[in-house]
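Protein chains in written order, with the working numbering: chain H, 161 to 277; chain D, 18 to 130.
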């Protein structure tokens, strides 16, 4: 299996620009998570989906952030407009969740490092 | 509510010495507990996990952790540190259906020659 695939690996943009981060979860996984990692705040859960449906988006910082999962094999995290404080590494992770099928392991992508100037 | 506390944001040990990384959790339901490792410029990888059964769990690279319910702890240990163990380690807790994971703030392990 190819693992969780994220793109782009690195993105440098200017304040005010739109940023779209992409994620392909592991085939067969039914849960997908977006995390943000910074030195100051550590690893923060932004949103997670179960069976393509957003379950908890309480970690999304503000309306500038949005996430979609149009199908089981693709998700996007969009920031519009971007600000310098959004600079961070954004991780996507997937898992098999649910008491009947859960394995209890999150599989992480390699992350997208975003720099907003 | 669930939360995870990792004591010590930085731990430094000599090569060959014991590694002990501390993790305490709070959970209103029986927890599932995990340790993840993150090497520079990489995502997190699972080291080991406790779900049910034996409270001493063994993971990859010689690491192990013991679930102590009375102490609400899940400390990570390795008898002898190797230079390749230098990384950041995260403790996490989840509910039984694995729908949400709560991560600690991480502990950076430095291994001195």
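Heads up, the beta-carbon is just placed ideally off N, CA and C, and yes, glycines get one too. None of these values were measured; they are calculated from a predicted model.
*How long is the line joining the alpha carbons of residue 25/D and residue 73/D, rounded to whole angstroms?*
Taking the first residue of the second chain as position 1, residue 25/D is located at position 8. Taking the first residue of the second chain as position 1, residue 73/D is located at position 56. The straight-line gap from Cα to Cα measures roughly 22 Å.
_Below 8 Å on the Cβ atoms is my contact criterion, and I expect residue 61/D with residue 76/D to pass it. Report the Cβ-Cβ distance as a whole number of Å._
Position 44 of the second chain holds residue 61/D. Position 59 of the second chain holds residue 76/D. Actually they do not touch by this definition, with Cβ atoms about 13 Å apart.
*For residue 121/D, which of helix, strand or coil comes out of DSSP?*
Looking up residue 121/D in the second chain gives position 104. The answer is coil: DSSP assigns residue 121/D none of H, G, I, E or B.
*Length of the line joining the Cα atoms of residue 259/H and residue 189/H*: Within the first chain, numbered from 1, the residue matching residue 259/H stands at position 99. Within the first chain, numbered from 1, the residue matching residue 189/H stands at position 29. With a pLDDT of 47 at residue 259/H, under the threshold of 50, the predicted position of this residue should be treated as unreliable, though the coordinate-derived value follows. So the two alpha carbons sit approximately 14 Å from each other.
*What separation, rounded to the nearest whole angstrom, lies between the Cα atoms of residue 164/H and residue 250/H?*
In the first chain, the residue the question calls residue 164/H occupies position 4. In the first chain, the residue the question calls residue 250/H occupies position 90. When rounded, the distance between both Cα atoms is 13 Å.
_Just to confirm, is the Cβ distance from residue 191/H to residue 272/H under 8 Å?_
Walking along the first chain from the start, residue 191/H turns up at place 31. Walking along the first chain from the start, residue 272/H turns up at place 112. No, the pair does not count as a contact, with Cβ atoms beyond the cut-off.
*With residue 216/H as the anchor, note down where its beta strand (DSSP E) starts and where it stops.*
Position 56 of the first chain, counting from 1, holds the residue named residue 216/H. Element bounds for residue 216/H: 213-216.
*residue 216/H at chain D interface by Cβ criterion, 8 Å*: Looking up residue 216/H in the first chain gives position 56. By this cut-off, residue 216/H is an interface position.
*Contact list for residue 122/D against chain H, beta-carbon separation under 7 Å*: Looking up residue 122/D in the second chain gives position 105. Simply 202.
*Is the CB of residue 172/H under 8 Å away from at least one CB in chain D?*
By one-based count along the first chain, residue 172/H stands at place 12. No, residue 172/H does not count as interfacial toward chain D.
*asked:* With H, G and I counted as helix, E and B as strand and the rest as coil, what does DSSP make of residue 30/D?
replied: Locating residue 30/D in the second chain gives position 13, where the first residue counts as 1. Strand at residue 30/D.
*Residues in its own chain within less than 6 Å of residue 29/D by CB, not counting five upstream and five downstream?*
Start at 1 with the first residue of the second chain, and residue 29/D comes out as number 12. Around residue 29/D: 127.
*Once you ignore the five residues that flank residue 179/H on each side, which residues in its own chain have a CB closer than 8 Å to its CB?*
Stepping through the first chain from its first residue, residue 179/H is reached at position 19. Around residue 179/H: 171, 173, 238, 239, 240, 242, 246, 274, 276.
*Using a Cβ cut-off of 8 Å, pull out every chain H residue sitting near residue 107/D, in sequence order please.*
Locating residue 107/D in the second chain gives position 90, where the first residue counts as 1. Result: 203.
*Does the beta-carbon of residue 185/H have 16 or more other beta-carbons within 10 angstroms, so that it is buried, or is it exposed?*
If you number the first chain from 1, residue 185/H lands on position 25. Its Cβ being crowded by 16 or more others within 10 Å, residue 185/H is buried.
_chain H residues whose Cβ lies nearer than 7 Å to that of residue 61/D_ = Working through the second chain from its first residue, we reach residue 61/D at position 44. Per Cβ cutoff of 7 Å: 268.
*Hey, does residue 209/H have any beta-carbon neighbour from chain D nearer than 8 Å?*
Walking along the first chain from the start, residue 209/H turns up at place 49. Residue 209/H does not count as touching chain D.
*Backbone CA spacing between residue 20/D and residue 32/D [nearest angstrom]*: Looking up residue 20/D in the second chain gives position 3. Looking up residue 32/D in the second chain gives position 15. Cα-Cα distance, rounded: 32 Å.
*Just the Cα atoms here: how many angstroms apart are residue 79/D and residue 97/D?*
Here residue 79/D is taken as the residue at index 62 of the second chain, counted from 1. Here residue 97/D is taken as the residue at index 80 of the second chain, counted from 1. Rounded to the nearest angstrom, the two C-alpha atoms are 9 Å apart.
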